[in-house]
Amino acid sequence: MSEIQVRLLENPTEHEIQRCLHVFTEAFKTGKVFLCHQYSLSDHLSEPILNQTHGTNPNDHVPSHLSRIQAALVDCQLWVVDLDGEIGCVGVVAPPGKNLWGSAEQKKLRDNAMSNVSPAAKRWLETELDPHRQSKSHLPGGATASYYLNALGTHPSFQRKGLASALLGRLEELARRDKTRVALVAHSDRAAKVYQKNGLRIIYHAVLQFGGDLGEGPYYLMLNDCGLSTEAT
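Have a look at this one:
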């Protein structure tokens with residue numbers, strides 16, 4: 001029987017960092033195949049946004065993936081899920097009281113990853129995406145009160161094996177221990193449905209207008225109350 005292990009990656013080796021980067025890069029590639037109904041939990045988060053800001057070539061998304069990994073190691077959490085000893089799923093999490101881009105060092109990592117983004121794409125972020133990001137103020141206790149899942153990706157060869165659900169389960173355990181919640185943003189109707197099956201509910205919904213052939217896509221702010229009252233939302 002295959003063994004799944006969820007662990008917080010601290011003081012990772014260069015090999016582990018590169019493996020996490022590879023998982024993200026490959027996971028978000030599969031998230032693009034919507035017409036064939038292929039599904040990856042990774043398509044919930046950044047892939048549509050990265051297509052808008054960095055273009056549709058997955059190789060151009062690598063700096064953004066790496067910046068999240070590096071920022072998590074500065075002051076947040078980098079979670080991995082092993083299957084039979086190999087990292088198959090990666091999650092970037094801001095624990096309560098933290099923000100993935102909160103420190104000067106983290107902001108520099110983000111700015112470096114955005115250095116090649118066009119002025120038009122930056123305007124799109126400011127005018128189209130940022131207003132919806134303000135919806136995090138709806139989270140009980142504010143934007144940094146929950147375990148916030150900033151990025152989640154499962155390598156294609158490890159998908160449909162329960163790895164992402166195992167990570168979500170661990171975050172729920174931690175949130176219940178700390179009497180707080182788990183939150184994330186989903187950018188796919190299918191992903192939102194899967195997260196609902198894992199205990200999350202939608203507290204804010206909008207439609208993002210992408211440029212050119214990218215059309216439009218959903219924006220779901222989702223929350224797992226982890227046993228706490230839902231009255232605050």
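Quick note on UniProt numbering: the sequence shown kicks off at 1 and runs consecutively. Where a beta carbon is used, it is the ideal one built from N, C-alpha and C, also for glycine.
For the beta strand (DSSP E) containing residue i, name the first residue and the last one.
| i | result |
| --- | --- |
| Asp60 | Premise fails: Asp60 is in no beta strand (DSSP E) and is neither H nor E. |
| Thr154 | 147-154 |
| Asn198 | Unbroken run through Asn198: none, as it is neither H nor E. |
| Gln77 | 77-83 |
| Pro218 | 216-224 |
| Ala94 | 86-94 |
Please return the same chain residues whose Cβ sits closer than 7 Å to the Cβ of residue i, not counting the five positions on each side in sequence.
| i | result |
| --- | --- |
| Glu10 | none |
| residue 248 | Residue 248 lies beyond the stretch modelled for the chain, which goes from 1 to 233, so this question has no answer here. |
| Asn51 | Leu214 |
Could you name the residues of the same chain whose beta carbon sits closer than 6 Å to that of residue i, not counting the 5 residues immediately before and after it, in chain order?
| i | result |
| --- | --- |
| Leu35 | At Leu35, the pLDDT of 28 sits below 50, so the modelled position is not reliable and the matter cannot be decided from this model. |
| Lys136 | Ala143 |
| Leu221 | Ser135, Val185, Ile203, Tyr204 |
| Leu129 | none |
| Arg170 | Val6 |
For residue i, collect the residues of the same chain with a Cβ closer than 8 Å to its Cβ; drop the 5 residues on either side in sequence, then sort them by chain order.
| i | result |
| --- | --- |
| Gln18 | none |
| His37 | Since pLDDT at His37 reaches only 27, below the 50 mark, its modelled position is unreliable, and the value read off the structure follows with that caveat. Taken in chain order, the list of residues that qualify is empty. |
| Ile4 | Val81, Asp82, Leu83, Lys161, Gly162, Leu163, Ala166 |
| Thr180 | Pro96, Gly141, Ala145, Ser146, Tyr147, Cys226, Leu228 |
| Val33 | Because the pLDDT of Val33 is 32, which lies under 50, any placement of that residue in the model is unreliable, and the question is left without a value. |
| Asn112 | Pro63, Ser67 |
For residue i, which option in the options has the closest C-alpha, if you only look at C-alpha atoms?
| i | options | result |
| --- | --- | --- |
| Gly212 | His65, Ala121, Ile4, Val23 | Ala121 |
| Trp79 | Ala27, Glu26, Glu86, Leu8 | Leu8 |
Since residue i is in the alpha helix (DSSP H), which residue starts that stretch and which ends it?
| i | result |
| --- | --- |
| Cys20 | 14-30 |
| Gln106 | 104-113 |
| Gly169 | 163-177 |
| Arg181 | Premise fails: Arg181 is in no alpha helix (DSSP H) and is neither H nor E. |
| Arg7 | That residue, Arg7, is in no alpha helix (DSSP H); its beta strand (DSSP E) goes 4-8. |
Could you tell me how far apart the beta carbons of residue i and residue j are, in whole angstroms, since I believe they sit closer than 8 Å?
| i | j | result |
| --- | --- | --- |
| Leu149 | Val182 | 7 Å |
Worksheet item: Between the region 156-174 and the region 103-111, do at least 3 Cβ pairs fall closer than 8 Å?
Response: By the Cβ test, the region 156-174 is not in contact with the region 103-111, since fewer than three Cβ pairs between them sit closer than 8 Å.
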